[in-house]
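**Student:**
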Amino acid sequence: MAETTYHAPVYEPTVDELEVLKKLEMGEPVSLESAAREHMSKRLRERGLVEVDSSHQWHITAAGRAQIRRSDA
0 MAETTYHAPV
10 YEPTVDELEV
20 LKKLEMGEPV
30 SLESAAREHM
40 SKRLRERGLV
50 EVDSSHQWHI
60 TAAGRAQIRR
70 SDA
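Numbered continuously in numbering that gives the first Met the number 0, the sequence shown closes out at residue 72.
1) For Glu16, tell me which candidate among His55, Ser53, Val49 and Gly26 has the shortest Cα-Cα distance.
2) Go ahead and label Val9 buried or exposed: buried means 16 or more other beta carbons lie within 10 angstroms of its beta carbon, across all protein chains shown.
3) Which same chain residues, not among the five before or five after Thr3, have their C-beta less than 8 Å away from its C-beta?
4) Considering Val19, what are the terminal residues of the alpha helix (DSSP H) in which it resides?
5) Spatial neighbours of Glu64 within its chain, please: C-beta separation below 7 Å, excluding the five flanking residues on both sides.
6) Can you tell which of Val14, Pro28, Leu43 and Arg68 has the C-alpha that lies nearest to the C-alpha of His55?
7) Are there 16 or more other CB atoms within 10 angstroms of the CB of Val19, so buried, or fewer, so exposed?
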């Protein structure tokens with residue numbers, strides 16, 4: 000059976016998720032290891048708000064920047 004991921008109809012990022020997005024937008028490095036230590040949700044990747052490169056560094060996407068703008072409004 001194929002494994003699917005449930006996505007709630009409305010996505011509301013947690014305070015921790017918003018904090019990581021803001022760090023990434025300001026250019027602060029966030030590695031996969033530090034994200035794991037800080038218990039970062041994989042929802043950021045599942046929702047396309049961040050990407051992870053080949054050196055395991057997280058980078059914010061355009062969708063992530065848009066999420067920050069919505070939360071600041």
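Ideal Cβ positions, reconstructed from N, Cα and C, are used throughout, including at glycine. In this text the structure is predicted, and so the values were computed from the model without any measurement.
**Tutor:** This is what the structure holds:
1) Val49
2) exposed
3) none
4) Val14 to Glu24
5) Before going further, note that residue 64 is Arg rather than Glu in the sequence given. For Arg64, where only same-chain residues beyond five positions count, the Cβ hits under 7 Å are Glu24.
6) Pro28
7) buried
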